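**Student:**
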Amino acid sequence: MSGSKKTEPHTMRISPLPARTGNAHHGYQRGSVLLPAAASILVGLVLLGTAHLAYLFYMKRELQNAADMAALSGVQMLRPALPGNCAAAIETAQATLAAQPALQNAGDVETDIACGVWDPTTPATAVDPTQQALHFSPTDNAPGQAVYVSLRSNIPAFVPLMQTVALQAKAIARLEPGEPLAAFSVSPQLLALDDGLLTNLLASIGADLRGTTVADRNGLANVMLTPAGLLQALGIALPADLTVASLNELLALESVARVGGAELLRAALELARNGGPNPAPGSELTTVQLSLLENLIDALVVADPVIQLGSLANGPRGLFAHINADDPNAALNTRISLGSIVDSVLAFATRERAIDVPAELNLLGVLRGSVKIGIVEPPSIGIGGAGTMAYGAQIRAFVELCASLGNCSTTGGSMVPTGLLDLGVHIPIGLELVTGHGTLDSLCEEYDEQGQALARITVQASLANACIGNISASDVFSTSFSCRTPLDSKELLRLRLLGHNLLSLNTSISGIALEDVSTVTLAAGETADVPANGNALAIGTTLASLTDELLSSLAGKTPANGSGTRPGAQQIWNETLAEENCNPASGPFNGQGFACRKAVEAKALRKIETGFNGLIGNIVDNLLRLDLLNLVGDLLGDLLGVLLPTDTCAGATLSGLPPYAGTASGCVDKLNSVLQKTNSQTGVPLLLQIVLDILRAPLDALGQTLSNLLANLGINLGQVRTELISLECGRPRAQLVH
223 MSGSKKTEPH
233 TMRISPLPAR
243 TGNAHHGYQR
253 GSVLLPAAAS
263 ILVGLVLLGT
273 AHLAYLFYMK
283 RELQNAADMA
293 ALSGVQMLRP
303 ALPGNCAAAI
313 ETAQATLAAQ
323 PALQNAGDVE
333 TDIACGVWDP
343 TTPATAVDPT
353 QQALHFSPTD
363 NAPGQAVYVS
373 LRSNIPAFVP
383 LMQTVALQAK
393 AIARLEPGEP
403 LAAFSVSPQL
413 LALDDGLLTN
423 LLASIGADLR
433 GTTVADRNGL
443 ANVMLTPAGL
453 LQALGIALPA
463 DLTVASLNEL
473 LALESVARVG
483 GAELLRAALE
493 LARNGGPNPA
503 PGSELTTVQL
513 SLLENLIDAL
523 VVADPVIQLG
533 SLANGPRGLF
543 AHINADDPNA
553 ALNTRISLGS
563 IVDSVLAFAT
573 RERAIDVPAE
583 LNLLGVLRGS
593 VKIGIVEPPS
603 IGIGGAGTMA
613 YGAQIRAFVE
623 LCASLGNCST
633 TGGSMVPTGL
643 LDLGVHIPIG
653 LELVTGHGTL
663 DSLCEEYDEQ
673 GQALARITVQ
683 ASLANACIGN
693 ISASDVFSTS
703 FSCRTPLDSK
713 ELLRLRLLGH
723 NLLSLNTSIS
733 GIALEDVSTV
743 TLAAGETADV
753 PANGNALAIG
763 TTLASLTDEL
773 LSSLAGKTPA
783 NGSGTRPGAQ
793 QIWNETLAEE
803 NCNPASGPFN
813 GQGFACRKAV
823 EAKALRKIET
833 GFNGLIGNIV
843 DNLLRLDLLN
853 LVGDLLGDLL
863 GVLLPTDTCA
873 GATLSGLPPY
883 AGTASGCVDK
893 LNSVLQKTNS
903 QTGVPLLLQI
913 VLDILRAPLD
923 ALGQTLSNLL
933 ANLGINLGQV
943 RTELISLECG
953 RPRAQLVH
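Laid out in C-alpha cells, this is it:
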C-alpha cells in the first residue's frame with residue numbers, strides 16, 4: 223500500500239551505575255570491625271568479672287568449710303565440766319586449718335580461735351563485738367563447751383580496675399552431750415560372808431554360801447551385763463516402736479516379765495559366761511564363781527521365787543526400779559553388774575523369811591530377850607538419768623524384851639508373880655532397821671582429778687523406825703506391816719504387890735523414826751556408806767522418855783473409886799495384921815489397939831522396903847543400886863519411928879501417952895500414900911521413878927547391843943550402801959550453731 227508510513231519499535235536502554243571510588247570502599251570496612259570488637263571486649267570483661275566473683279565465692283566457701291571443720295574438730299576435744307581442755311581444742315583446730323589445701327592458695331590468712339561457752343539465752347561477756355553478737359563468751363581455764371573460729375583473707379583482684387576483696391568466715395561449734403545414764407543401787411551389802419544375814423537366810427532354803435571368799439563376792443560385781451542382753455536371753459521380745467513408758471509397762475506385766483529366780487540367774491550366768499546376746503564389756507568369771515552361781519541356781523529351783531523384772535511409778539517394785547530416761551534403747555544398754563542382780567535375786571528368794579539371831583539379849587542383867595531378823599522387800603536397781611530412783615532392801619527385826627523378879631517369858635506367856643513385889647516387863651518391838659532410797663541428782667556435770675565422770679546421788683535412809691505394841695513376829699515380817707500405822711495396845715510393864723497392880727502400862731508406841739539425808743558423789747564402780755559412820759540405835763533413850771511421860775500421866779489418873787495402889791496396900795495390911803495376931807481397934811484410951819496398929823504399920827512399911835531392896839539388889843548393878851536405895855529411903859524413911867497426934871494410923875502425943883488417934887482404915891490409907899508419894903523435885907511418883915531408873919540403863923544399852931549383833935550379820939545398823947554400778951555420759955555430738 224502506497225503512501226503508508228512505517229514505524230520503528232521503541233526500545234529502553236539502562237545505563238550502568240557509576241563505579242565506586244577506592245576511598246568509599248575503605249570506610250565501609252572500618253565500620254564492620256569496630257562493632258564486633260567492642261562487643262567482644264564487653265563480653266570478655268563480663269566473663270572476667272563473673273570468674274572473679276565465682277572465685278571469690280569459691281574462696282569464701284573454702285574459708286567457711288575450713289572454719290567449720292576446724293571448729294568441729296576442736297570442739298570434740300572438750301569435756302564439759304572439766305577444766306583444762308581448751309588448749310587441746312585450740313591446738314586441734316589449728317592443726318585442722320593447717321591441713322586444708324585450699325587455704326594455701328588464699329594467701330595470708332588471719333586466724334582467730336577461741337574456746338568458751340555459747341549460750342543464746344544469756345548476754346555474752348566477750349570483748350570482741352563479733353563474738354558478743356554471736357552469743358559466744360571465751361573462757362581461760364574454765365570448762366568450755368564451744369569453739370569459735372574466725373578466718374580472714376585478702377583476695378587480690380585479677381581484673382583491671384577492681385580492688386582487693388577481704389573475705390571472712392566465722393564458725394561456732396558446740397559440744398552437745400548425749401543423754402547421761404547410770405545404774406546404781408541403794409541397799410545394805412546383803413551377801414555378807416560367814417554368818418551374814420543373807421547367808422543364813424539362804425541356808426534356810428538349802429543354799430549354803432559359807433566359805434565364800436571376799437574375792438569371789440567382789441568378782442561378781444566386776445562382771446557387767448546389760449538389761450537388753452538379759453531380756454533377750456530370757457526370750458522377752460521388745461517392740462520396734464518402744465518408748466520408755468511402754469518399756470516400764472512391759473517389764474511390769476505379770477504375763478510377760480515375771481520369771482523364776484533360777485531362770486533369771488541362769489540367763490545372767492549364761493550371758494556372762496558365753497558372751498550372750500548384746501553383752502556389755504566385763505570380766506570373765508572364775509571357776510569358783512561359776513560353781514558358786516550354779517549352786518545358787520540349784521537352790522533357787524527348790525525355793526522357786528517369782529521375780530517381777532520391772533516396776534511402775536507407784537506400784538510394787540521389781541528387779542529394776544521405774545526406768546527414767548529419754549531413750550529406751552540407751553537405758554536398755556546401760557551396764558549393770560552381775561553382783562547386783564545376784565543380790566536382788568537372792569533377796570527376792572528370802573523375802574518375808576526370818577532367822578533367829580543366835581544370841582540371847584542380856585541387858586545389864588535386867589532385861590533379857592530374843593531377836594529375829596529378816597528381809598521384807600528386796601532392793602531394786604535404778605536405771606536412767608537425773609531423777610531416777612533406786613530402792614534399798616527393807617530389813618526388819620522383831621525383838622522381845624522381858625524382865626521379872628519372878629518369871630521371864632520371851633514367848634509372850636504370863637509372868638507368874640512371886641514374893642512381895644513382882645516387876646514384869648514384856649515389850650515386843652518391831653524395828654524397820656534398814657530402808658531407804660536414792661535419787662540421781664546430776665550426771666557427768668563433774669569430773670574427778672583423774673578425769674572420771676561423776677554422779678551426785680541423794681540418799682534418804684530411815685535409820686530406825688520402831689514401834690511397840692500388840693505385835694508378833696509374823697506381823698513384823700509381813701509386807702503390809704508398817705511402824706507408822708497405829709498398833710493395838712498391850713500391857714508392857716507392871717509392878718505388883720502381893721498380886722495386886724501397883725503400876726501398869728497398857729499402851730502402844732508407833733513411828734519412832736530416825737531419818738538421815740546425805741548426798742554422795744561417786745565415779746562408776748565406787749561405793750559409799752550413808753551415813754558415813756553409821757548410827758547406834760538410840761531406841762532405849764527414846765522409849766525411856768516416852769514411858770516417862772506415859773507412866774507419869776498414868777500415875778496421875780488414879781480413879782476416885784479407890785483402885786490403883788490401894789488394893790495392894792489393903793492386902794499387905796491384912797497379911798501383916800494376921801502375922802501380928804492383934805486387935806487394931808481404935809479408941810482414945812485403947813493402948814492395945816494403938817500398939818497393934820503401930821506394930822503392923824511398921825512391919826508393913828519394912829516389908830515394902832525389903833521388897834524394893836530385894837528387887838533392886840537382884841537386878842541392878844552396884845552403881846545404880848545406891849541411887850535406887852536412896853529413893854526407897856525417901857519413900858519410907860520419914861514415916862518410921864515418928865509419933866504425931868495427927869497420924870491417921872497410930873497417932874499419939876510425942877511422949878506416947880493417950881489420947882490415941884487413928885484407925886485401921888487410916889493405916890491402909892497411909893500405906894497407900896506411901897506407894898503414891900512423888901519426888902519433891904521432879905513431881906514424878908517415887909514408885910514410878912524407881913521402876914524407870916531400873917529400866918532406863920538397859921533400854922539405853924539395847925541400841926548398842928543390837929548394833930553389835932547386826933554388825934556380825936553384815937548389816938551396819940542405820941547405814942545403806944550406795945553403789946554407782948555404771949555411768950554412761952552418752953556420746954557427745956559436735957554441732958555447728960553458727
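Quick note, the sequence shown lines up with residues 223 to 960 if you use my numbering.
Positions of the beta carbon are idealized from the N, C-alpha and C atoms, including for glycine.
Note that the structure is a prediction, hence the values are computed from the model and not measured.
Taking the beta carbon of F570 as the centre, do at least 16 other beta carbons fall within 10 Å, making it buried, or is it exposed?
**Tutor:** That one is buried.
**Student:** With a threshold of 9 Å between beta carbons, is L464 in contact with chain D?
**Tutor:** The structure shown contains no chain D, having only a single protein chain.
**Student:** For the alpha helix (DSSP H) containing L453, list its first residue and its last residue.
**Tutor:** Its alpha helix (DSSP H) spans residues 449-455.
**Student:** DSSP state of Y277, grouped into three classes?
**Tutor:** Note: Y277 maps to helix in three-state DSSP.
**Student:** Grab the span of the beta strand (DSSP E) containing A404 for me, first residue to last.
**Tutor:** It spans 403-409 - the beta strand (DSSP E) in which A404 sits, taken as one unbroken run.
**Student:** Ends of the alpha helix (DSSP H) at E797?
**Tutor:** Unbroken alpha helix (DSSP H) run through E797: 788-802.
**Student:** Please classify K712: does DSSP put it in a helix, a strand, or coil?
**Tutor:** In this structure, K712 counts as strand in the three-state DSSP scheme.
**Student:** Kindly indicate which residue of G604, A745, E823 has the alpha-carbon position closest to the one of G673.
**Tutor:** Cα-wise, what sits closest to G673 is A745.
**Student:** Okay, do the stretch 614-626 and the stretch 646-654 touch, 3+ Cβ pairs below 8 Å being the bar?
**Tutor:** Yes: at least three Cβ pairs fall under 8 Å.
**Student:** Give the secondary structure of F542 by DSSP, where H, G and I count as helix, E and B as strand, and everything else as coil.
**Tutor:** Looking at F542 - three-state DSSP - the assignment turns out to be strand.
**Student:** In the DSSP assignment, find the alpha helix (DSSP H) that holds D565 and state where it starts and stops.
**Tutor:** 560-571 is the extent of the alpha helix (DSSP H) around D565.
**Student:** How many angstroms separate the CA atom of I947 from the CA atom of G482?
**Tutor:** Going by the C-alpha atoms only, they are around 24 Å apart.
**Student:** Nearest to S730 by CA position, among L717, R718, A688, is which residue?
**Tutor:** Looking at the Cα atoms, A688 is the closest of the given residues.
**Student:** Less than 9 Å between the beta carbons of L541 and V524, yes or no?
**Tutor:** No, they are not a contact pair.
**Student:** In the DSSP assignment, what residue or residues form a beta bridge with Y613?
**Tutor:** Y613 is bridged to S602, H659.
**Student:** CA-CA distance, E471 and A459?
**Tutor:** E471 and A459: Cα-Cα distance of roughly 14 Å.
**Student:** The beta strand (DSSP E) spanning S948 covers which residue range?
**Tutor:** Counting along the chain, the beta strand (DSSP E) containing S948 begins and ends at 942-950.
**Student:** At the level of alpha carbons, what is the spacing between Q511 and L442?
**Tutor:** About 7 Å.
**Student:** Grab the span of the alpha helix (DSSP H) containing K892 for me, first residue to last.
**Tutor:** It spans 886-897 - the alpha helix (DSSP H) in which K892 sits, taken as one unbroken run.
**Student:** How do the stretch 392-411 and the stretch 320-327 stand: do at least 3 beta-carbon pairs fall below 8 Å, yes or no?
**Tutor:** Too few Cβ pairs lie closer than 8 Å, so no.
**Student:** How about T556 and T749: are their beta carbons less than 9 Å apart?
**Tutor:** No; because the gap between Cβ atoms is not below 9 Å, this pair is not in contact.
**Student:** What residues are listed by DSSP as bridge partners for P360?
**Tutor:** G338.
**Student:** List the residues that DSSP assigns as beta-bridge partners of P738.
**Tutor:** Note on residue identity: the sequence assigns Asp, not Pro, to residue 738. Note: D738 sits in a beta bridge opposite A683.
**Student:** If you follow the beta strand (DSSP E) that A956 is part of, which residue opens it and which one closes it?
**Tutor:** Here the beta strand (DSSP E) through A956 covers 955-958.
**Student:** If you run the structure through DSSP and keep just helix, strand and coil, what is T318?
**Tutor:** The answer is helix: DSSP assigns T318 an H, G or I state.
**Student:** Do L897 and G790 come within 9 Å of each other at the CB atom, strictly closer than that value?
**Tutor:** Against a cut-off of 9 Å, the Cβ pair of L897 and G790 comes out as a contact.
**Student:** Using DSSP bridges, identify the partner residues of K594.
**Tutor:** Beta-bridge pairing links K594 to F620.
**Student:** If you check the beta carbons only, do F358 and A388 fall under 9 Å apart?
**Tutor:** No, these two residues do not count as a Cβ contact at 9 Å.
**Student:** What residue from A535, M291, E476 has the CA that sits closest to R396's CA?
**Tutor:** The candidate whose alpha carbon is nearest that of R396 is M291.
**Student:** Please list the segments of the beta strand (DSSP E) lying wholly inside the stretch 464-526, counting only runs of 3 or more residues, in order along the chain.
**Tutor:** Here the runs fully enclosed are 480-482.
**Student:** Return yes when the C-beta of R943 is under 8 Å from any heavy atom of the ligand COA, and no when it is not.
**Tutor:** In terms of ligand content, the structure shown is empty, and the ligand COA therefore cannot be addressed.
**Student:** Would you check if there are 3 or more beta carbon pairs closer than 8 Å linking the stretch 308-317 to the stretch 269-283?
**Tutor:** The answer is no - the stretch 269-283 does not touch the stretch 308-317, with fewer than three Cβ pairs under 8 Å.
**Student:** Going by DSSP, what residue range makes up the beta strand (DSSP E) through S375?
**Tutor:** Segment 368-377, the beta strand (DSSP E) holding S375.
**Student:** Can you check whether the CB of I603 is closer than 9 Å to the CB of S664?
**Tutor:** No, they are not a contact pair.
**Student:** Spatial neighbours of G660 within its chain, please: C-beta separation below 6 Å, excluding the five flanking residues on both sides.
**Tutor:** Here the set comprises V408, A612, I679, V681, T944.
**Student:** Please state the DSSP three-state secondary structure of L917.
**Tutor:** L917: helix per DSSP, three-state reduction.
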